[in-house]
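Numbering (this note's numbering), first residue to last: 40 to 177. Ideal Cβ placement from N, Cα and C applies to all residues, glycine included. Note sheet for the following structure.
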């Protein structure tokens, strides 16, 4: 099994509303998107928004729900954490934790998208992000 994540699918209550939220953040939906699912190319992987009932049927789970994991967006500067949190809240997210300097030297903050999926915005002193924004461990 290859060690990689190719696609993250988020269960959402309303695909159109969830898609509109991410588009307010400047994300661009891929042409394959349709009323049942929205795809966003995010570097070398894809984030998909899929109706919760449809995802439950596909997976056999009673009701997929957010929690237990966080998704993260790493930014190139410490100030980018607070700025990113302001941007997502203005677009309709809920602030979970403001930008906070961490004991290990980085800065993090958390928000929830309109469906409750927790996201982290983080700046790390090391490793620096690659030119394309990738986080590559040394």
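Assign residue i to one of two classes, buried (16 or more other C-beta atoms within 10 Å of its C-beta) or exposed (fewer than that).
i	result
residue 161	buried
residue 172	exposed
residue 143	exposed
residue 124	buried
residue 69	exposed
If you draw a straight line from the alpha carbon of residue i to that of residue j, how long is it in whole angstroms?
i	j	result
residue 151	residue 109	9 Å
residue 88	residue 59	11 Å
residue 158	residue 115	17 Å
residue 78	residue 149	23 Å
residue 83	residue 94	23 Å
residue 75	residue 113	29 Å
residue 163	residue 174	10 Å
residue 45	residue 80	10 Å
residue 137	residue 85	27 Å
When DSSP labels each residue in this structure, what does residue i get in the three-state scheme?
i	result
residue 77	strand
residue 128	helix
residue 151	strand
residue 140	strand
residue 169	coil
residue 121	helix
residue 50	strand
residue 176	coil
According to DSSP, what are the bridge partners of residue i?
i	result
residue 45	DSSP output for residue 45 lists no bridge partner at all.
residue 160	112 and 148
residue 134	150
*Would you list, in sequence order, the uninterrupted alpha helix (DSSP H) runs of no fewer than 4 residues that lie entirely inside the stretch 54-104?*
If only uninterrupted alpha helix (DSSP H) runs of at least 4 residues are considered, those enclosed by the stretch 54-104 are 54-63 and 91-98.
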